[in-house]
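Peer 1:
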Amino acid sequence: VNWKPSSVKFEDRFDKYLDPSFFQHRIHWFSIFNSFMMVIFLVGLVSMILMRTLRKDYARYSKDEEMDDMERDLGDEYGWKQVHGDVFRPPVHPTLFTALIGSGYQITVVILCVIMFSILGELYT
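Per this note's numbering, the sequence shown starts with residue 8, numbered consecutively.
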């Protein structure tokens, strides 16, 4: 590796990449639009799957409420009924659970701070 001294100040190194003429090319806007449309498509796909599942569950539960006790099949519990009691059950490894929650929270806060500082332009000053 050969290091060459530069007369450009440290905080001015990225100015050529932040030049407005650099982002005027059509391909940048096309890729941003393409990514945005892909996100919209995936959100729509997930919401359709979730709505279909919830609609089936609601129809099944309303049908179960109309039946009397003799017609009801008690062994046929599926969907959201299987996990309704899991909310109150303690985790198997609570120390690992709290460590993962804490580290996830810390990573989220650090990422948000870095994004905020980069938006404000205080990252390299």
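The C-beta atom is built at its ideal place from N, Cα and C for all residues, glycine as well.
Quick check on Ser125: does DSSP put it in helix, strand or coil?
Peer 2: If DSSP states are grouped into helix, strand and coil, Ser125 belongs with the helices.
Peer 1: Can we count Leu49 as close to the ligand NAP, meaning its CB is less than 7 Å from some heavy atom?
Peer 2: By its list of ligands, the structure shown contains no ligand whatsoever, and the ligand NAP lies outside what it can speak to.
Peer 1: Pick helix, strand or coil for Pro97, following the three-state DSSP scheme.
Peer 2: Pro97: coil per DSSP, three-state reduction.
Peer 1: Assign Lys16 to one of three DSSP states: helix, strand, or coil.
Peer 2: It is coil, neither helix nor strand.
Peer 1: Roughly how many angstroms lie between the CA atoms of Phe37 and Ile47, to the nearest whole one?
Peer 2: When rounded, the distance between both Cα atoms is 15 Å.
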